[in-house]
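Visitor: Shown below is the structure under consideration.
2 protein chains.
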Amino acid sequence: MSEKQESLLGTRTICQIAVVVHDIEKSSRAYAAVFGMDVPEWFMTDPGNEIGMTYLGKPSDARAKLAFFHMENITLELIEPVGGPSSWQEALDTKGEGVHHIAFNVTDTAGRVKALADQGIEMIHQGGDPATGQYTYVDASKQLGLVIEMLEGY
Amino acid sequence: MSEKQESLLGTRTICQIAVVVHDIEKSSRAYAAVFGMDVPEWFMTDPGNEIGMTYLGKPSDARAKLAFFHMENITLELIEPVGGPSSWQEALDTKGEGVHHIAFNVTDTAGRVKALADQGIEMIHQGGDPATGQYTYVDASKQLGLVIEMLEGY
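Heads up: the sequence lines are chains B and A, in that order. Position one of the first sequence corresponds to residue 0 (numbering that gives the first Met the number 0), numbered consecutively onward. Position one of the second sequence corresponds to residue 0 (numbering that gives the first Met the number 0), numbered consecutively onward.
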């Protein structure tokens, strides 16, 4: 008898769908018009070098402008990359505007990174600290056609 | 005083995130392993020419293999395009595996297609009939970085 299967993320609730864009103000106005919502304020993330950001194993000082649309069952996040190498900038440069990742709230990010690596799904981009808020991207594009973000401690 | 804004889709609930893949069986096994779920049966859609499918204004006999993973708050759909021109095949050919669209359950598809066209968001791909089940894709890639699917009558 097989043990009950568990999600390698500890959850099956997708909390965000994130889209990289060239101009967050222009995109925010378009989202607001289509979904009948107010245009949200965007905010700028802390510089990567202040939050221990790494991208492909190297420190990065990238930042991003973020805006959030709270849909009924999930949040749509807009990301405009600003300066420095990041998975956001790389996606925008190589594929243009589009979905960058789907996100999950997790605990034990370090353990999950290990379990995902056992499936060939490698960490590519991380910033912050689990105690105060950490995001971690793993590249599952070969396995799932997706980048997955794990959010811990927010 | 401004009127309360309405979503052009009549809803802000995203029911599906869909990913185009090369091999639905291989991808289904990978999704099942990551999310700790059973591998679902895939099924083949009816041929496009039997359900009045159009793609970029022309009839198409494209089909697709579909598989569904019911997450807690949303469904992940895998799509393997099979034969004939379609937005699924085009996305796979030009961008590789990745998110194809996000979907909404709607009423009055025809009216919504019109309202979206007023925003420059054009219908690209449609199949079926609203009475028995119809899907309609609109290309919002310039406005939202997304293709949106409207589902009616399923």
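Don't be surprised by glycine CBs; every beta carbon is placed ideally from N, CA and C.
Name, please, each residue of chain B whose Cβ falls closer than 7 angstroms to the Cβ of A:Asn72.
Guide: In chain order: Thr12, Ile13, Asn72, Ile73.
Visitor: In the stretch 78–105 of chain B, which residues sit with their C-beta less than 7 angstroms from some C-beta in chain A, listed in chain order?
Guide: The stretch 78–105 of chain B vs chain A, Cβ under 7 angstroms: Lys94, Glu96, Gly97, Val98, Ile101.
Visitor: Can you tell me whether B:Ile13 is helix, strand or coil according to DSSP?
Guide: Note: B:Ile13 maps to coil in three-state DSSP.
Visitor: Please check if any C-beta of chain A sits within less than 8 angstroms of the C-beta of B:Gly144.
Guide: B:Gly144 counts as touching chain A.
Visitor: Within the chosen definition, does the stretch 141–150 of chain A reach the stretch 96–105 of chain A through at least 3 CB pairs nearer than 8 angstroms?
Guide: With the cut-off at 8 angstroms, the stretch 141–150 of chain A and the stretch 96–105 of chain A touch.
Visitor: Got a sec: is the Cβ-Cβ distance from A:Tyr136 to anything in chain B below 8 angstroms?
Guide: With 8 angstroms as the cut-off, A:Tyr136 does not count as an interface residue toward chain B.
Visitor: Assign B:Glu210 to one of three DSSP states: helix, strand, or coil.
Guide: Summary: the structure shown does not reach residue 210 of chain B, with chain B confined to residues 0 through 153, and so no result is reported for it.
Visitor: Specify the secondary structure class of B:Tyr30 as computed by DSSP and reduced to three states.
Guide: In this structure, B:Tyr30 counts as helix in the three-state DSSP scheme.
Visitor: Would A:Tyr51 be called buried (16 or more neighbouring beta carbons within 10 Å of its own) or exposed?
Guide: Tyr is not the amino acid found at residue 51 of chain A; the sequence shown has Gly there. The residue is exposed, with fewer than 16 neighbouring Cβ atoms inside 10 Å.
Visitor: Three or more C-beta pairs closer than 8 angstroms, one from the stretch 82–92 of chain B and one from the stretch 40–60 of chain B: is that the case here?
Guide: Judged by Cβ distances under 8 angstroms, the stretch 82–92 of chain B makes contact with the stretch 40–60 of chain B, as three or more pairs qualify.
Visitor: Please classify B:Thr108 as buried or exposed, where buried requires at least 16 neighbouring CB atoms within 10 angstroms.
Guide: By the neighbour-count rule (16 or more Cβ atoms within 10 Å), B:Thr108 is buried.
Visitor: For the candidate residues A:Met70, A:Trp87, A:Ala114, whose alpha-carbon lies nearest to that of B:Phe34?
Guide: Considering only alpha carbons, the answer is A:Ala114.
Visitor: If you follow the alpha helix (DSSP H) that A:Val112 is part of, which residue opens it and which one closes it?
Guide: Residues 108–116.
Visitor: Terminal residues of the continuous beta strand (DSSP E) containing B:Pro80?
Guide: Element bounds for B:Pro80: 74–81.
Visitor: In the DSSP assignment, the beta strand (DSSP E) including B:Gly132 goes from what residue to what residue?
Guide: From DSSP, the beta strand (DSSP E) with B:Gly132 extends over 132–139.
Visitor: Taking CB distances under 8 angstroms as the criterion, tell me whether B:Leu150 reaches chain A.
Guide: Closer than 8 angstroms: no.
Visitor: Might you give, ordered along the chain, the residues of its own chain that have their beta carbon closer than 8 angstroms to the beta carbon of A:Met70, omitting 5 neighbours on each side?
Guide: Cβ neighbours of A:Met70 beyond the five flanking positions: Phe34.
Visitor: Give a yes or no on whether the minimum CB-CB distance between A:Leu65 and chain B is below 8 angstroms.
Guide: Judged by the 8 angstroms Cβ criterion, A:Leu65 is not in contact with chain B.
Visitor: Please confirm whether A:Asp123 has its beta-carbon closer than 8 angstroms to some beta-carbon of chain B.
Guide: One detail in the question is off: residue 123 of chain A reads as Ile in this sequence, not Asp. So no, A:Ile123 is outside the interface.
Visitor: Following the continuous beta strand (DSSP E) through A:Pro125, name the residue where it begins and the one where it ends.
Guide: Checking the displayed sequence, the identity of residue 125 of chain A turns out to be Gln instead of Pro. Per DSSP, A:Gln125 belongs to the beta strand (DSSP E) from 121–128.
Visitor: Quick one: grab the DSSP three-state call for B:Ile23.
Guide: Three-state DSSP puts B:Ile23 in a helix.
Visitor: If I'm right that A:Leu65 touches A:Glu76 with Cβ under 8 angstroms, what's the distance once you round it to whole angstroms?
Guide: Rounded, the Cβ-Cβ distance is 6 angstroms, consistent with contact.
Visitor: Chain A partners of B:Glu5, CB-CB under 8 angstroms?
Guide: Ordered by position in chain A, the residues that pass the 8 angstroms Cβ test against B:Glu5 are Gly35.
Visitor: Alpha carbon to alpha carbon, how far is B:Asn72 from A:Gly9?
Guide: So the alpha carbons of these two residues sit roughly 15 angstroms apart.
Visitor: Could you work out which residues of chain B lie near A:Val18, taking near to mean beta carbons separated by less than 9 angstroms?
Guide: Within 9 angstroms Cβ-Cβ: Leu143, Gly144, Leu145.
Visitor: Give the range of the beta strand (DSSP E) segment to which B:Asn48 is assigned.
Guide: Here B:Asn48 belongs to no beta strand (DSSP E), and DSSP marks it neither H nor E.
Visitor: Compare the C-beta of B:Arg62 against all C-beta atoms of chain A and say whether one is closer than 8 angstroms.
Guide: Not closer than 8 angstroms to any Cβ of chain A, the Cβ of B:Arg62 fails to qualify, so no.
Visitor: Quick one: using the 10 Å Cβ neighbour count with 16 as the cut-off for buried, is A:Ala130 buried or exposed?
Guide: Counting Cβ neighbours within 10 Å, A:Ala130 comes out exposed, since fewer than 16 surround it.
Visitor: Roughly how many whole angstroms lie between the Cα atoms of B:Ser140 and A:Glu96?
Guide: Going from the Cα of B:Ser140 to the Cα of A:Glu96 covers about 7 angstroms.
Visitor: Taking the alpha-carbon of A:Tyr134 as reference, which of A:Leu145, A:Asp22, A:Met122 has the nearest alpha-carbon?
Guide: The shortest Cα separation from A:Tyr134 among A:Leu145, A:Asp22, A:Met122 belongs to A:Met122.
Visitor: Going by Cα to Cα distance, which pick from A:Ser6, A:Asp117, A:Val19 is closest to A:Arg62?
Guide: Closest by alpha carbon: A:Val19.
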